[in-house]
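Asks: Just passing along the structure, written as structure tokens.
Chains as they are written, first to last, in our numbering: chain Z, 1 to 474; chain E, 475 to 715.
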């Protein structure tokens, strides 16, 4: 028995691992460069953004009510989906009522969370992903392995082969050629589609403005030629005011892709106004709960501040080694290790290993644009798992350690005994954690009691100062 | 507080910490009943066990209202942050807060507690500094850099991707052996890139893991705790103009 994430990491190919390691490391470096270049104190901005998001969550009932009433005033049909199933049913119902058979959609992690494409396909509606990465994931029958860069785990030769297999042109791994081919293919479908589905990055409660950022402009194309627009978003995407967006958009682009601003930033206030030449006549907005209000009631509520930038995934050394699919859920990496087990609700135990897949190094919190205390939340979930009797494979027994560590006499005896372990090879000691350590590493010499003996002598008066001349104080 | 690792494996590091503090003018008291900060069960989510150990530590250090100096950023972080989390709903939270307030990582105490801005003495050589993750966001990183930069003859080489963890992570090292080893390998690559004579850190736990990995591949990795560098600098012959 091994930890599933470690087993996954050990089994995956070196080339796949290196693709993730290098790409994630590069983005991490660029992120930190652009934030330090552009702002005097980026950490102050992260903390401010975190406070605004936390305030919104703490008063979510108020802001939700405000958002819904503004949206309705703007002519948007608002739907509230308590579960993933309900969200899928709502979307299907809207599409069926409009007689839509084919849909183009832009990137939305919520749509991945509720497995919308599969659901629509089962009901005879084709849904085409138009974000390049998501498109590649879709034709490969794969799943995204990163929040922002769904194909971080793929090399371009794999993509070129896949394009060839799907009739998108002879093998050519030039990124520009690949992009042009996808563009040509997608253009036709935009025009032939019956509806556009998008996600959303923010929703202003004040104005009802929905903010959608893309680098490819594909969300615009999903909306512009269509009569019907459906936007999907988690209910934690609300921010109080339009002016808050300046902070969040600046932090999101820099944290996610080291850009000052994403190439396209859409502000959608509602369906097409009579004065506008094109755009959807009808706009629906589906607000997904799917366990989020449950999380609000727990001591892990800070995770709902997340704006899905993926910076914690990029910086996380465990994510880099394991890659996103190791987490077996839509959200991988540090944010996923907290969010996924919580969203699983009664299935928590199936994902209780995710919070264990961390050295608690804290790099994730350091880069988080909304300052989520991820290591603390991982610890809380570990405690929750332990409380539910879920223990990881190979976890060293801690109760015995606790008994020794609370009894100074036993502790000192243990130190003395441990020194005798220098007399024979450590591999003879039948203690599993030690053997696991020794499988990969050597052990230093035991020196139990040596310092204590020295200290006792010293306290009895035989003190020698290493070197006088203490002229070192300011 | 000596820490369990120095107690069991690294006697000289604890000795160096005492000597450095004494040189800085402190009188060091060593409560014999001390054991461990409780971090291993805490990180495993076994708060019940880790609270027992933490309570033992609080009692052991409760006698005198003295600063508690730890030659480890990790154990210091356990006292300062970990305990506050695991005692948040406990009746003795105030005791945890008291220990948190009094605990310092060694170099943080030297620089920010005792206001020492320059360390005398000499250390000939090039060292790679590994910033342990538990000193992230604390004053320790600056404190070490500052002290080391004032030691004559000492050259701290640049290290790539300094924000990356070495892969130790306590029990993580044995429960996630593959990822732990790969993280360690990357860390060693970055630390050794500029051919330093030794790797220095404020935490023996990271160094034990890295040494162990290097040792298993037949390489001897010279490591020093920052307390040893400071102490050695004092005893080295000082070239004076």
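Think of the CB as a built atom: it goes at the ideal place given N, C-alpha and C, for glycine as much as any other residue. Bear in mind that the values here come from a model prediction, so they are computed numbers and not experimental data.
Hey, does residue 426 of chain Z have any beta-carbon neighbour from chain E nearer than 8 Å?
Replies: no
Asks: For residue 578 of chain E, which residues does DSSP report across the bridge?
Replies: E/543
Asks: Alpha carbons only, please: which of Z/197, Z/82, Z/156 is nearest the one belonging to residue 108 of chain Z?
Replies: Z/197
Asks: Using a cut-off of 7 Å between C-beta atoms, extract the partners of residue 451 of chain Z located in chain E.
Replies: 476, 480, 481, 485, 488, 489
Asks: Closer than 8 Å, CB to CB, is residue 652 of chain E near chain Z or not?
Replies: yes
Asks: Answer yes or no: does any C-beta atom of chain Z fall closer than 8 Å to that of residue 537 of chain E?
Replies: So no, residue 537 of chain E is outside the interface.
Asks: For a test of the three-state rule: what should DSSP assign to residue 503 of chain E, helix, strand or coil?
Replies: When secondary structure is reduced to three states using DSSP, residue 503 of chain E falls in the coil class, being assigned neither helix nor strand.
Asks: Roughly how many whole angstroms lie between the Cα atoms of residue 121 of chain Z and residue 127 of chain Z?
Replies: 7 Å
Asks: Roughly how many angstroms lie between the CA atoms of residue 717 of chain E and residue 352 of chain Z, to the nearest whole one?
Replies: Outside the displayed range of chain E (475 to 715) lies residue 717 of chain E, so it cannot be described from this structure.
Asks: By DSSP's criteria, residue 283 of chain Z is part of a beta bridge. Which residues make up the other side?
Replies: Z/229
Asks: In the DSSP output, what is residue 128 of chain Z paired with across the bridge?
Replies: Z/104
Asks: Are the CB atoms of residue 508 of chain E and residue 548 of chain E within a distance shorter than 8 Å?
Replies: No, the Cβ-Cβ distance between residue 548 of chain E and residue 508 of chain E is not below 8 Å.
Asks: Under the three-state reduction of DSSP, which class applies to residue 2 of chain Z: helix, strand or coil?
Replies: coil
Asks: Which residues, in order along the region 666-677 of chain E, keep a beta-carbon less than 9 Å from a beta-carbon of chain Z?
Replies: If the cut-off is 9 Å between Cβ atoms, the region 666-677 of chain E has nothing near chain Z.
Asks: Can you pull the DSSP bridge partners for residue 79 of chain Z?
Replies: Z/286
Asks: Taking the alpha-carbon positions, what's the residue 20 of chain Z to residue 419 of chain Z distance?
Replies: Distance between the alpha carbons of residue 20 of chain Z and residue 419 of chain Z is about 43 Å.
Asks: Does any C-beta atom of chain E lie closer than 8 Å to the C-beta of residue 476 of chain Z?
Replies: No answer is possible for residue 476 of chain Z: it lies beyond the span of chain Z, which begins at 1 and ends at 474.
Asks: So which residues on chain E does residue 416 of chain Z lean against when the C-beta distance must stay under 9 Å?
Replies: The premise fails here: residue 416 of chain Z is roughly 11 Å from chain E at the closest Cβ pair, so nothing lies under 9 Å.
Asks: Less than 8 Å between C-beta atoms, sequence neighbours within five positions excluded: which residues of the same chain meet that for residue 278 of chain Z?
Replies: 224, 225, 272
Asks: Is the shortest distance between the beta-carbon of residue 439 of chain Z and the beta-carbons of chain E less than 8 Å?
Replies: yes
Asks: Around the C-beta of residue 538 of chain E, are 16 or more other C-beta atoms found within 10 angstroms, so that it is buried, or is it exposed?
Replies: Note on residue 538 of chain E: under 16 other CB atoms within 10 angstroms of its CB, so exposed under the neighbour-count rule.
Asks: Within the 8 Å Cβ cut-off, does residue 431 of chain Z reach chain E?
Replies: no
Asks: Give me whichever residues DSSP pairs with residue 267 of chain Z in a beta bridge.
Replies: Z/211
Asks: Would you verify that the beta carbon of residue 366 of chain Z is, or is not, closer than 8 Å to some beta carbon of chain A?
Replies: Of the chains in the structure shown, none is chain A; the protein chains are Z and E.
Asks: Rounded to a whole number of angstroms, what is the C-alpha to C-alpha distance between residue 333 of chain Z and residue 321 of chain Z?
Replies: 10 Å
Asks: Is residue 600 of chain E helix, strand or coil when you go by DSSP?
Replies: strand
Asks: Between residue 105 of chain Z and residue 681 of chain E, what straight-line distance do the alpha-carbon atoms span, to the nearest angstrom?
Replies: Rounded to whole angstroms, residue 105 of chain Z to residue 681 of chain E spans 50 Å at the Cα level.
Asks: Indicate whether at least one CB of chain E lies closer than 8 Å to the CB of residue 135 of chain Z.
Replies: no
Asks: For the alpha helix (DSSP H) containing residue 699 of chain E, list its first residue and its last residue.
Replies: Element bounds for residue 699 of chain E: not the alpha helix (DSSP H) but the beta strand (DSSP E), 697-699.
Asks: To which residues of the same chain is residue 468 of chain Z closer than 6 Å at the C-beta, ignoring the five residues directly before and after it?
Replies: Residue confidence is low: residue 468 of chain Z scores 43 on pLDDT, short of 50, so the model does not pin down where it sits. Its coordinate-derived value is still stated next. The beta carbon of residue 468 of chain Z sits closer than 6 Å to no other beta carbon from its chain once the five residues preceding and following it are set aside.
Asks: Is there a C-beta anywhere in chain E that falls below 8 Å from the one on residue 406 of chain Z?
Replies: yes
Asks: Just to confirm the assignment, what range does the beta strand (DSSP E) spanning residue 198 of chain Z have?
Replies: Counted as a single uninterrupted DSSP element, the beta strand (DSSP E) harbouring residue 198 of chain Z occupies residues 195-198.
Asks: If you reduce the DSSP assignment to three classes, tell me which class residue 476 of chain E lands in.
Replies: If DSSP states are grouped into helix, strand and coil, residue 476 of chain E belongs with coil.
Asks: Is the separation between the beta-carbon of residue 240 of chain Z and that of residue 205 of chain Z shorter than 8 Å?
Replies: Cβ atoms of residue 240 of chain Z and residue 205 of chain Z: closer than 8 Å.
Asks: Quick one: grab the DSSP three-state call for residue 512 of chain E.
Replies: coil
Asks: Nearest by alpha-carbon distance to residue 665 of chain E: which of E/643, E/602, E/500, E/580 is it?
Replies: E/602
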